[in-house]
Amino acid sequence: MLKLDLHVHIKRFHRLADIRRRLKITGLDGFAVTNFWEIEFARWLQRRLEDALILIGKEINAREGHILGIGLQENIPDYRSAEETIAHIHDQGGVAVLPHPFLGVSSIPPIRRFAHLPVDGIEIFNYRAGPFLWPNTLAWLLTRNRTAALLANSDAKRVDMIGQCYNRIPGRSVPEVLAHIREGRVQRFTRMMWPTPRWAVRTARDVFWGYQNAFCGICHAPLHFIWKKQTRSCMECGGHIRTHVVCSKEAHFICKRCRTRRDYSIEAILAYRRENGLDE
Ligand SMILES: [Zn+2]
Ligand SMILES: [Zn+2]
Ligand SMILES: [Zn+2]
Ligand SMILES: [Zn+2]
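Counted the way our numbering counts, the sequence shown spans residues 238 to 517.
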């Protein structure tokens, strides 16, 4: 039985040594790297963390919401329909999982018009969504009789969250693990993060701080948060996108997709890591 967390975001500033230490402390056999946009960083990590079972994954922005593709060979395009996205994942031999299905924003609840989606797994417990109480409770109430594998993952964006929730899955290799997920042979382990006042303050601060620390990709002026969404056209791809966040100085706007493609290309990530000595 392997102990695996199947929904982990590894950021470019996470230290390799910290990730190795975290694997040791938690006793995890490995995890799926499910970053947005790209799988190159996941591939690179898989080569660097040879002792662990690293699954190449991606959290894909389908039109209807997020879908996890796990066990991927190639990048999967974003902004396609859920059906098309899942078909792409299956074509590559990967498994498709609905993450945090009742979180609201960016979620695809596997009921009603989405009930038929041919997903292999449903993330019935998401550690980071825990304090909101309703997403995991609804997932448990509404999907516990489904035949898809019911998973528990951390959705970690910090190293010390990796493995807070995990699954026990038989097998030794990536293909074996994927086959067992398809057959629903998964035992999940959940840990609750409670909505304490400290959590509320931290979450509010993280959201606020996130905007405070974001800068315009063109002139580096701080970005402003506006309550009512505005339609802006992206200066790189020309696409029209509705946004809450705009440059505070000029009307500069680069969409999230273009910005991410530029800042989070594998070359940019590795250069950043080299400069900051993150891979020792
Ligand atoms: Zn998500
Ligand atoms: Zn995620
Ligand atoms: Zn600007
Ligand atoms: Zn763009």
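Positions of the beta carbon are idealized from the N, C-alpha and C atoms, including for glycine. This structure is a prediction, so every number in the text was calculated from the model and none was measured.
Quick one: what's residue i bridged to in DSSP?
| i | result |
| --- | --- |
| T480 | Q467 |
| K295 | G306 |
| N404 | L241 and R425 |
| E360 | L388 |
| L415 | Note: L415 sits in no beta bridge, so no partner. |
| F452 | P459 |
| L290 | G267 |
| A393 | V245 |
Quick one: Cα of residue i to Cα of residue j, how far?
| i | j | result |
| --- | --- | --- |
| Q424 | N272 | 24 angstroms |
| L282 | V334 | 21 angstroms |
| I503 | E512 | 14 angstroms |
| H337 | A366 | 7 angstroms |
| A437 | K466 | 25 angstroms |
| E277 | A441 | 32 angstroms |
| L370 | C402 | 16 angstroms |
| I491 | E473 | 6 angstroms |
| L290 | G331 | 15 angstroms |
| T468 | A488 | 12 angstroms |
| S391 | R496 | 26 angstroms |
| G302 | R428 | 25 angstroms |
| E275 | R419 | 24 angstroms |
| H417 | R350 | 27 angstroms |
| G400 | G408 | 19 angstroms |
| V270 | L292 | 6 angstroms |
| M238 | H327 | 24 angstroms |
| S410 | C471 | 43 angstroms |
| Y509 | N312 | 22 angstroms |
| T288 | T384 | Checking the sequence, you will find Asp at residue 288 rather than Thr. If you take the alpha carbons of D288 and T384, they lie about 32 angstroms apart. |
| Y501 | I247 | 12 angstroms |
| L515 | I506 | 11 angstroms |
| V414 | Q329 | 15 angstroms |
| F426 | T263 | 12 angstroms |
| P412 | A386 | 16 angstroms |
| M430 | K261 | 22 angstroms |
Considering Cα atoms alone, identify which of the options is closest to residue i.
| i | options | result |
| --- | --- | --- |
| S343 | L387, E296 and D328 | E296 |
| S530 | A451, I478 and P336 | The requested residue 530 is not part of the displayed model; the chain covers only 238 to 517. |
| G306 | W431, L290 and H325 | H325 |
| R258 | D397, S470, I323 and V444 | D397 |
| L241 | E517, A389 and W377 | A389 |
| R381 | K394, P368, D392 and F362 | F362 |
| H457 | V483, P432 and R439 | V483 |
| G476 | R395, Y316 and I455 | Y316 |
| G341 | T263, V245 and A376 | A376 |
| F268 | P355, F339 and N404 | N404 |
| A299 | A319, E311 and Q310 | A319 |
| D266 | I304, L286 and A279 | L286 |
| R499 | I478, I455 and D516 | I455 |
| D255 | R479, R395 and I359 | R395 |
| R422 | I359, R284, I323 and V245 | I359 |
| F339 | W431, L379 and K493 | L379 |
| L243 | P459, K261, R249 and A279 | A279 |
| L460 | K493, A393, L260 and W431 | K493 |
| P368 | P355, R439 and E321 | R439 |
Quick one: using the 10 Å Cβ neighbour count with 16 as the cut-off for buried, is residue i buried or exposed?
| i | result |
| --- | --- |
| I348 | exposed |
| P314 | exposed |
| H251 | buried |
| F445 | exposed |
| Y364 | buried |
| H353 | exposed |
| C453 | buried |
| P434 | exposed |
| P372 | buried |
| G308 | buried |
| D357 | buried |
| I406 | buried |
| G294 | buried |
| H481 | exposed |
| P346 | buried |
| I304 | buried |
| I323 | buried |
Comparing the C-beta of residue i with each C-beta of chain D, is any distance below 8 angstroms?
| i | result |
| --- | --- |
| V482 | The displayed structure is made up of one protein chain only, and chain D is not part of it. |
*Taking only runs that begin and end inside the segment 252-282, name each unbroken beta strand (DSSP E) of 3 or more residues, in chain order.*
Whole beta strand (DSSP E) segments, 3+ residues: 267-270.
*Which full runs of the alpha helix (DSSP H) of 4+ residues lie inside the segment 309-342, going along the chain?*
With a minimum length of 4 residues, the continuous alpha helix (DSSP H) runs that stay inside the segment 309-342 are 319-328.
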